[in-house]
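Numbering (the working numbering), first residue to last: 1038 to 1263. Note that beta-carbon positions come from the ideal geometry of N, C-alpha and C, so glycine has one too. For reference, the structure is listed below as structure tokens.
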């Protein structure tokens, strides 16, 4: 006996298989839809600044330099004073524009010991029996110095004034030697005073016991501005 296969029964079996395949395909499509993402490309501009950021030009600040310190004051001239132990009673004063001199000098007769006979010939005396004298006397000495001494321009412009003390030796022949300054004031006054003293004519020499001797003489000269 031949068994016949029914077509409807076979279709019923395949229907279930097709249904299962369809469900699987639908599920796969849904999963794929969730996994798919759309990437959005943002435009990038290289020439524009980001929003919210201001670009400010930096201006260089110029810091002024401090002013240079003032120059130091010019150094003041130093005047060296050498003390003179001799007692001076009269001063020759030199003025600008005219010369004013004392009119009288009083010499006191010194008290001295009798010199010994064996004293050296070239000894310089400070006190003698007969003092040395300028030709014509002390008034002539004043006139000579007042006529020949000049107030240096540098001292006059700088306002330099004061008294110079000069010492020198009147030799046995009356010549003037060993001129030195005991006190200076500067400004060219010292050199001018030395020049005039060295150019003086010969004096009448001092004498001790009737013999000419070398005598030291001190002379002050005052420079004063009017």
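With 16 other Cβ atoms within 10 Å as the buried cut-off, status of residue i
i: residue 1067; result: exposed
i: residue 1058; result: exposed
i: residue 1160; result: exposed
i: residue 1178; result: buried
i: residue 1188; result: buried
Chain-order list of residues whose beta-carbon lies under 6 Å from that of residue i (same chain, five-residue window excluded)
i: residue 1118; result: Because residue 1118 sits at a pLDDT of 38, beneath the cut-off of 50, its placement in the model cannot be relied upon, and the point is left open.
i: residue 1198; result: 1260, 1261 and 1262
Whole-Å CB distance - residue i paired with residue j, under 8 Å assumed
i: residue 1195; j: residue 1224; result: 6 Å
i: residue 1216; j: residue 1252; result: Their Cβ separation, rounded to whole angstroms, is 14 Å, which puts residue 1216 and residue 1252 out of contact at 8 Å.
For residue j and residue i, the rounded distance between their alpha carbons
i: residue 1257; j: residue 1212; result: 19 Å
i: residue 1170; j: residue 1240; result: 6 Å
i: residue 1202; j: residue 1230; result: 9 Å
i: residue 1175; j: residue 1106; result: 57 Å
i: residue 1210; j: residue 1246; result: 16 Å
i: residue 1180; j: residue 1104; result: 58 Å
i: residue 1200; j: residue 1164; result: 24 Å
i: residue 1226; j: residue 1235; result: 14 Å
i: residue 1190; j: residue 1108; result: 27 Å
i: residue 1063; j: residue 1052; result: 16 Å
i: residue 1065; j: residue 1056; result: 14 Å
Chain-order list of residues whose beta-carbon lies under 7 Å from that of residue i (same chain, five-residue window excluded)
i: residue 1167; result: 1243 and 1244
i: residue 1233; result: 1182, 1185 and 1186
i: residue 1228; result: none
Contact set for residue i: own chain, Cβ-Cβ below 8 Å, skip 5 residues either direction
i: residue 1214; result: 1205, 1206 and 1208
i: residue 1172; result: 1238, 1239, 1240 and 1241
i: residue 1222; result: 1116, 1192, 1197, 1198, 1199, 1200, 1201 and 1260
i: residue 1162; result: 1243, 1245, 1250, 1251, 1252 and 1253
i: residue 1102; result: none
Residue i - containing beta strand (DSSP E), residue span
i: residue 1251; result: 1248 to 1262
i: residue 1221; result: First-last for residue 1221: undefined, no H or E at that position.
i: residue 1205; result: 1199 to 1207
i: residue 1168; result: Note, residue 1168: premise wrong, no beta strand (DSSP E); not H, not E.
Bounding residues of the alpha helix (DSSP H) (the contiguous stretch that carries residue i)
i: residue 1194; result: 1190 to 1195
i: residue 1163; result: Premise fails: residue 1163 is in no alpha helix (DSSP H) and is neither H nor E.
i: residue 1180; result: 1175 to 1185
i: residue 1229; result: 1226 to 1235
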